[in-house]
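Report on one structure; see the data block that follows.
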Amino acid sequence: MSSKKIVVTLLALMVFLVSSVALGAESKFKLVDAIEVARVEVPVDASLLGYQQDNDEMKVVFQDPATFEQYFVKVDIAKSKVKEVNIKGAVFVLGSTVVNKTLEDIRAALLSVYPTAKDIVITTKSDMNNIYYEAEFVTEKFKGEAKFNPATGAVIERELYYY
Numbered sequence: 272m273s274s275k276k277i278v279v280t281l282l283a284l285m286v287f288l289v290s291s292v293a294l295g296a297e298s299k300f301k302l303v304d305a306i307e308v309a310r311v312e313v314p315v316d317a318s319l320l321g322y323q324q325d326n327d328e329m330k331v332v333f334q335d336p337a338t339f340e341q342y343f344v345k346v347d348i349a350k351s352k353v354k355e356v357n358i359k360g361a362v363f364v365l366g367s368t369v370v371n372k373t374l375e376d377i378r379a380a381l382l383s384v385y386p387t388a389k390d391i392v393i394t395t396k397s398d399m400n401n402i403y404y405e406a407e408f409v410t411e412k413f414k415g416e417a418k419f420n421p422a423t424g425a426v427i428e429r430e431l432y433y434y
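Using my numbering, the letters of the sequence shown correspond one by one to residues 272 to 434.
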């Protein structure tokens, strides 16, 4: 009778081990899938800096070596779908005290980055002494917000919310 208990215990232990290995492999595949889904939304040369899983959401961080922009991509793991992309520029100063660019210059700068953007609304904002332009727009894939330097027209940061 004790040998039956030992055999049953060993069988139960083997089932547990096999199922835990299978779950670990499934989790690893979800991680790889999430990174690959995120990679589609960043420049080809962007380097993977890291990732963090929060429940059923993966946050993946890339950096473009040419511009030093960092891409923070949120992926819904269950759906294998990008939810949001936040892009932070290499310049950490929000805006400028000098305003050389007009609203039309900013519209042109936005359309050069997102040619399919529509319903564009550009406003002037301030952060302490600095002024910047904020553009809200939509495309077929996402709703976006972008902040522009008023002196150079360069994009400071972007937030893209995917449908």
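Where a beta carbon is used, it is the ideal one built from N, C-alpha and C, also for glycine.
Values in this document were obtained by computation on a predicted structure and should not be read as measured data.
- Message: For the beta strand (DSSP E) containing I358, name the first residue and the last one.
- Response: K352 to K359
- Item | Boundaries of the beta strand (DSSP E) in which V392 is found, first to last residue | K389 to D398
- Task: Quick one: measure Cβ to Cβ for F333 and V313, integer angstroms, because I've assumed they're closer than 8 Å.
- Result: 5 Å
- Message: In this structure, how does DSSP classify I306 when only helix, strand and coil are distinguished?
- Response: helix
- Query: With distances taken between CB atoms, is the gap from V315 to Y322 smaller than 9 Å?
  - Reply: no
- If we call anything under 9 Å between Cβ atoms a contact, is S351 one with A305? yes
- Query: Do you know offhand how far T368's Cα is from Y403's?
  - Reply: Straight across, the Cα-Cα distance linking T368 with Y403 is about 9 Å.
- Message: My output table needs one value for I348: the three-state DSSP class, helix, strand or coil.
- Response: Coil, per DSSP.
- Query: Leaving out the 5 sequence neighbours to the left and right, which residues in its chain are closer than 6 Å to A422 when beta-carbon positions are compared?
  - Reply: S367, V369 and N371
- Query: Using 9 Å as the limit for Cβ to Cβ distance, is V384 near chain C?
  - Reply: Considering every chain present, this structure includes no chain C. It has just one protein chain.
- Task: Taking D327 and A349 to be in contact with their CB atoms under 8 Å, please state how far apart those CB atoms are, rounded to whole angstroms.
- Result: 5 Å
- Message: Bridge partners for F333 per DSSP, in chain order?
- Response: L319 and Y342
- Close-in-space but distant-in-sequence residues of the same chain around V346 (CB under 6 Å, 5 per side omitted): These residues qualify, in order along the chain: A305, V308, A309, M329 and V353.
- Cross-strand partners of S367 (DSSP beta bridge): S367 pairs with I402.
- Going by the CB atoms, is the gap between F419 and Y385 shorter than 9 Å? no
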